[in-house]
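Q:
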Amino acid sequence: MGPQHPSTHGVLRLVLELDGERVHSCKPYVGYLHRGSEKLAEVKTYQQIVPLTDRFDYLSCGNNNLAYAIAVEKLMGIEVPARADYLRTIVAELSRISSHLLWLATHAADIGAVTVLLYCLREREELLGLFEILTGARLTVSYVNIGGVRRDAPLEFISRCREFIEGMPRRIDEYNTLIMENRIWLGRTKGIGIIPYEEAIDWGLTGGSLRGSGVNYDLRKAIPYAAYDRVEFDVPLGEKGDVYDRYIIRIEEMRQSLRIITQCLKDLPGGAYKADIPTVSLPLKDKVMGDIESLIHQFVLVSKGFEVPKGEVYVGCEVPKGELGFYIVSDGSEKPWRMKVRSPSYVNLQVLPRMVKGHIIADIVSCIGSIDIVLGEVDR
Amino acid sequence: MEPDKLIEAIKAKFPDEVVGEGSHVGQYWAVIKRDKVAEICRFLKEDPDTKMDYLIDITAVDYQPRTPRFEVVYIMHSMKHVHRVRLKVLLSEDDPVVPSVTGVWRTADWLERETYDLMGIKFDGHPDLCRILLPDDWEGHPLRKDYPIEGPEWKFVPLP
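These protein sequences, in sequence, are chains Z and R.
If you count by this note's numbering, then the first sequence holds residues 63 to 442, one letter each, in order.
If you count by this note's numbering, then the second sequence holds residues 390 to 549, one letter each, in order.
1. Mind checking whether arginine 533 (chain R) and leucine 518 (chain R) have CB atoms under 8 Å apart?
2. Using three-state DSSP, classify serine 392 (chain Z) as helix, strand or coil.
3. If we cut at 8 Å on Cβ distances, does valine 575 (chain R) have a partner in chain Z?
4. At the level of alpha carbons, what is the spacing between methionine 242 (chain Z) and valine 178 (chain Z)?
5. Have a look at the DSSP bridge pairing and note the partners of serine 412 (chain R).
6. Does the distance from the C-beta atom of isoleucine 421 (chain R) to that of tyrosine 376 (chain Z) stay below 8 Å?
7. Based on the DSSP secondary-structure assignment, which residues constitute the bridge partners of phenylalanine 512 (chain R)?
8. By Cβ distance below 7 Å, which residues in the same chain neighbour asparagine 126 (chain Z) in space, the five residues on each side in sequence not counted?
9. What residues in its chain sit with their C-beta under 7 Å from that of phenylalanine 295 (chain Z), if we drop five residues either side in the sequence?
10. For isoleucine 490 (chain R), does the count of other Cβ atoms within 10 angstroms reach 16, so buried, or fall short, so exposed?
11. Count the other C-beta atoms from every protein chain shown that fall within 10 angstroms of the C-beta of tryptophan 543 (chain R), then say buried if there are 16 or more, exposed otherwise.
12. Of the residues Z:Glu236, Z:Thr202, Z:Lys336, which one's Cα is nearest the Cα of glycine 209 (chain Z)?
13. Using 8 Å as the threshold, is the C-beta distance between proline 392 (chain R) and valine 450 (chain R) below it?
14. Assuming arginine 200 (chain Z) and glycine 332 (chain Z) make a contact with CB atoms under 8 Å, what is their CB distance in whole Å?
15. Assuming the contact rule is C-beta atoms closer than 8 Å, alanine 419 (chain R) and isoleucine 399 (chain R) should be a hit. Round their C-beta distance to whole Å, please.
16. Pick from Z:Asp434, Z:Tyr259, Z:Val440: whose alpha carbon is nearest that of arginine 158 (chain Z)?
17. With a threshold of 8 Å between beta-carbons, can arginine 273 (chain Z) be considered close to chain R, or not?
18. In whole angstroms, give me the CA-to-CA distance for glutamate 470 (chain R) and tyrosine 205 (chain Z).
19. Could you tell me which residues DSSP pairs with cysteine 379 (chain Z) in its beta bridges?
20. Tell me the rounded alpha-carbon separation between valine 370 (chain Z) and cysteine 326 (chain Z).
21. Looking at glutamine 360 (chain Z) and the ligand SAM, is the gap between the Cβ and the nearest heavy atom below 7 Å?
22. For tyrosine 287 (chain Z) and leucine 267 (chain Z), what's the separation of their Cα atoms in angstroms?
23. Quick one: measure Cβ to Cβ for proline 298 (chain Z) and arginine 282 (chain Z), integer angstroms, because I've assumed they're closer than 8 Å.
24. Between the Cα of lysine 328 (chain Z) and those of Z:Glu185, Z:Ala289, Z:Ile311, spot the shortest distance and give me the residue it belongs to.
25. Specify the secondary structure class of glycine 373 (chain Z) as computed by DSSP and reduced to three states.
26. Identify each residue in the region 262–293 of chain Z for which the Cβ-Cβ distance to at least one residue of chain R is less than 8 Å, and report them in chain order.
27. Does DSSP put glycine 303 (chain Z) in a helix, a strand or coil?
28. What residue does the alpha helix (DSSP H) around lysine 434 (chain R) start on, and which one ends it?
29. Under the rule that 16 or more other beta-carbon atoms within 10 Å means buried, what is lysine 419 (chain Z), buried or exposed?
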């Protein structure tokens, strides 16, 4: 099942050993999208790596930037202002909705429900428009910087965001009317790809795949970061660990994300949007265009970068696919000595041979969709 | 359990194996000798006070020109107690072999394959140690510090 296949969500190659239609064994071959991000990170300054992190899970860039920024800030001992925390949470949750929408679109389209694809992409267009107002880019936003966020949220963003959130629950119900009780959908997702509780932990699954098996582990609750300790939300859990459970969980996670964004917009504090540390944060743009000291400051920060104290840190964050972790080793200079990206899709994909054993070929497509992989993250 | 108590628990159970420890920004690690890596990991997984049932990551760092050159880092987490610890194994350049922990956590499979592929650390006892991210006939281990960032020198070989 070669690298060019409409249902493998990217360039994934599976070598299957079949007995008629039954899968006897499956070996995934990855690495077709390997871009050497970890090697590149060793020659870039810490701020230059932020756009690199966008490209891992390119469907939810706000979350990737956030995970990286939190790791570096922990290493440097920087605290970001409250407004930056809330803005980061809003962007992270909007990215989560965007990622889950595309997951649902492709997962349903692979199984055969093509209408869902078009419905989800309609909402995603509005979301990408929101990102464009806030950050200037639709997909690879690079919004979260080290020390805060890149730009402040304009009033137009806040009002458009509120309108989006008000209209979204009805749309999620629409997707459910299309497939949740559809006989074909239930037949193709219930009882397929079951992973029991202990095995899910042993295989190192995270995210929706883990919670589908009933394990209550969400990094936003277990080790809170950004503004997640100041908002209320529930973490949906599955029971059996099959494809249907993981689908239900992700739909519910979208609703919970809307809840988080509503609370964040309500409680959005005023104040600065980046930490007031001259060695890290860029000066305001109108000052840079106005006086020479700010211009020099901007030039030095952008061209040379800032130095991070010697040490190492591992920080994990809950991105839509699971736990994205950055293990950063610093030697005291302005470029990292080693950056290891613990990507959830890479670790989650390991369980695929175990999941599809004994099923038929058509179920492989359901299983790949339900693990929710993005090849950009698998291969980095 | 607090992270420093975890290090104490490892030192109490395996006093000869722990050769160092450290901490930075509230995260702790223990440096252990390589022979009993699998036993220590199994102890950490099964002991009810530590219960590290979740392996987050296995990675390697190249500290050239320091000797020992390589450092294999295991990061693990406990679902029940919500605590994390790191284990490090120091390896020299001419003998980068360490026992595999695939028998302890099934997750270790691809994580060790990637470390082998990009850094060249061999894992003794791994069921199928072959390249995963790079093509099977690639030469060299790119994440090492002596591998050029621009990539290898390309040789154009005419098709047979």
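Glycine included, every Cβ here is placed at the ideal spot set by N, Cα and C.
Please read all numbers here as calculations on a predicted model, not as lab measurements.
A: Let's see:
1. Here residue 533 (chain R) refers to the residue found at position 144 when the second sequence is read from its first residue. Here residue 518 (chain R) refers to the residue found at position 129 when the second sequence is read from its first residue. Not a contact, by the Cβ cut-off of 8 Å.
2. Residue 392 (chain Z) sits at position 330 when you count from the first residue of the first sequence. Three-state DSSP puts serine 392 (chain Z) in a strand.
3. Summary: the structure shown does not reach residue 575 (chain R), with chain R confined to residues 390 through 549, and so no result is reported for it.
4. Walking along the first sequence from the start, residue 242 (chain Z) turns up at place 180. Walking along the first sequence from the start, residue 178 (chain Z) turns up at place 116. In a straight line, the C-alpha of methionine 242 (chain Z) is about 11 Å away from that of valine 178 (chain Z).
5. Counting from one through the second sequence, the residue named residue 412 (chain R) turns up at place 23. Looking at the DSSP assignment, serine 412 (chain R) forms a beta bridge with R:Tyr417.
6. Working through the second sequence from its first residue, we reach residue 421 (chain R) at position 32. Working through the first sequence from its first residue, we reach residue 376 (chain Z) at position 314. No, they are not a contact pair.
7. To locate residue 512 (chain R), count along the second sequence from 1; it is residue 123. In the DSSP secondary-structure assignment, phenylalanine 512 (chain R) is bridged to R:Val487.
8. As a working note, residue 126 (chain Z) is residue 64 in the first sequence. So the list reads Thr115, Asp116, Phe118, Asp119, Val381, Leu386, once near-sequence residues are dropped.
9. One-based indexing of the first sequence puts residue 295 (chain Z) at position 233. Excluding sequence neighbours, phenylalanine 295 (chain Z) sits near Gln318, Arg321, Ile322.
10. Along the second sequence, read from residue 1 onward, the residue named residue 490 (chain R) stands at position 101. With the sequence shown as reference, residue 490 (chain R) is identified as valine, and isoleucine is not the correct amino acid for it. With 16 or more other Cβ atoms within 10 Å, it is buried.
11. Taking the first residue of the second sequence as 1, we reach residue 543 (chain R) at position 154. Exposed: under 16 other Cβ atoms inside 10 Å.
12. Here residue 209 (chain Z) corresponds to residue number 147 of the first sequence, with the count starting at 1. It is Z:Lys336 whose Cα lies nearest to the Cα of glycine 209 (chain Z).
13. Translated into the one-based positions of the second sequence, residue 392 (chain R) becomes position 3. Translated into the one-based positions of the second sequence, residue 450 (chain R) becomes position 61. The answer is no: Cβ separation not under 8 Å.
14. Against the first sequence, residue 200 (chain Z) aligns to sequence position 138. Against the first sequence, residue 332 (chain Z) aligns to sequence position 270. Not really, about 28 Å apart at Cβ, beyond 8 Å.
15. As a position in the second sequence, residue 419 (chain R) is number 30, starting the count at 1. As a position in the second sequence, residue 399 (chain R) is number 10, starting the count at 1. 5 Å between Cβ atoms; contact.
16. Reading the first sequence from its first residue, position 96 is the one you call residue 158 (chain Z). Arginine 158 (chain Z) has its Cα closest to that of Z:Asp434, out of Z:Asp434, Z:Tyr259, Z:Val440.
17. Working through the first sequence from its first residue, we reach residue 273 (chain Z) at position 211. Chain R, which has no Cβ nearer than 8 Å to the Cβ of arginine 273 (chain Z), makes this no.
18. Here residue 470 (chain R) refers to the residue found at position 81 of the second sequence. Here residue 205 (chain Z) refers to the residue found at position 143 of the first sequence. Checking the sequence shown, residue 470 (chain R) turns out to be histidine, not glutamate. Cα to Cα, the separation comes out at about 34 Å.
19. Taking the first residue of the first sequence as 1, we reach residue 379 (chain Z) at position 317. Under DSSP, the beta-bridge partners assigned to cysteine 379 (chain Z) are Z:Leu386.
20. The count along the first sequence starts at 1 and reaches residue 370 (chain Z) at position 308. The count along the first sequence starts at 1 and reaches residue 326 (chain Z) at position 264. Spanning the two alpha carbons is a distance of roughly 31 Å.
21. No copy of the ligand SAM occurs in the structure displayed, which carries no ligand at all.
22. By 1-based counting over the first sequence, the position of residue 287 (chain Z) is 225. By 1-based counting over the first sequence, the position of residue 267 (chain Z) is 205. Near 21 Å, if we compare the C-alpha coordinates of leucine 267 (chain Z) and tyrosine 287 (chain Z).
23. Sequence index remark: in the first sequence, residue 298 (chain Z) carries index 236 (1-based). Sequence index remark: in the first sequence, residue 282 (chain Z) carries index 220 (1-based). Between proline 298 (chain Z) and arginine 282 (chain Z) a beta carbon distance of about 13 Å is seen, past the 8 Å cut, so the two are scored as non-contacting.
24. Locating residue 328 (chain Z) in the first sequence gives position 266, counting from the first residue. Minimum Cα distance to lysine 328 (chain Z) is reached at Z:Ala289.
25. Residue numbering aside, residue 373 (chain Z) sits at position 311 when the first sequence is read from its first letter. Glycine 373 (chain Z) falls in the strand class under three-state DSSP.
26. Ile263, Asp264, Trp265, Gly266, Val277, Tyr279, Ala284, Ile285
27. Reading the first sequence from its first residue, position 241 is the one you call residue 303 (chain Z). Correct three-state label for glycine 303 (chain Z): coil.
28. Here the question's residue 434 (chain R) lines up with position 45 in the second sequence. That run of the alpha helix (DSSP H) goes 426–435.
29. Here residue 419 (chain Z) corresponds to residue number 357 of the first sequence, with the count starting at 1. With fewer than 16 Cβ atoms within 10 Å of its Cβ, lysine 419 (chain Z) is classed as exposed.
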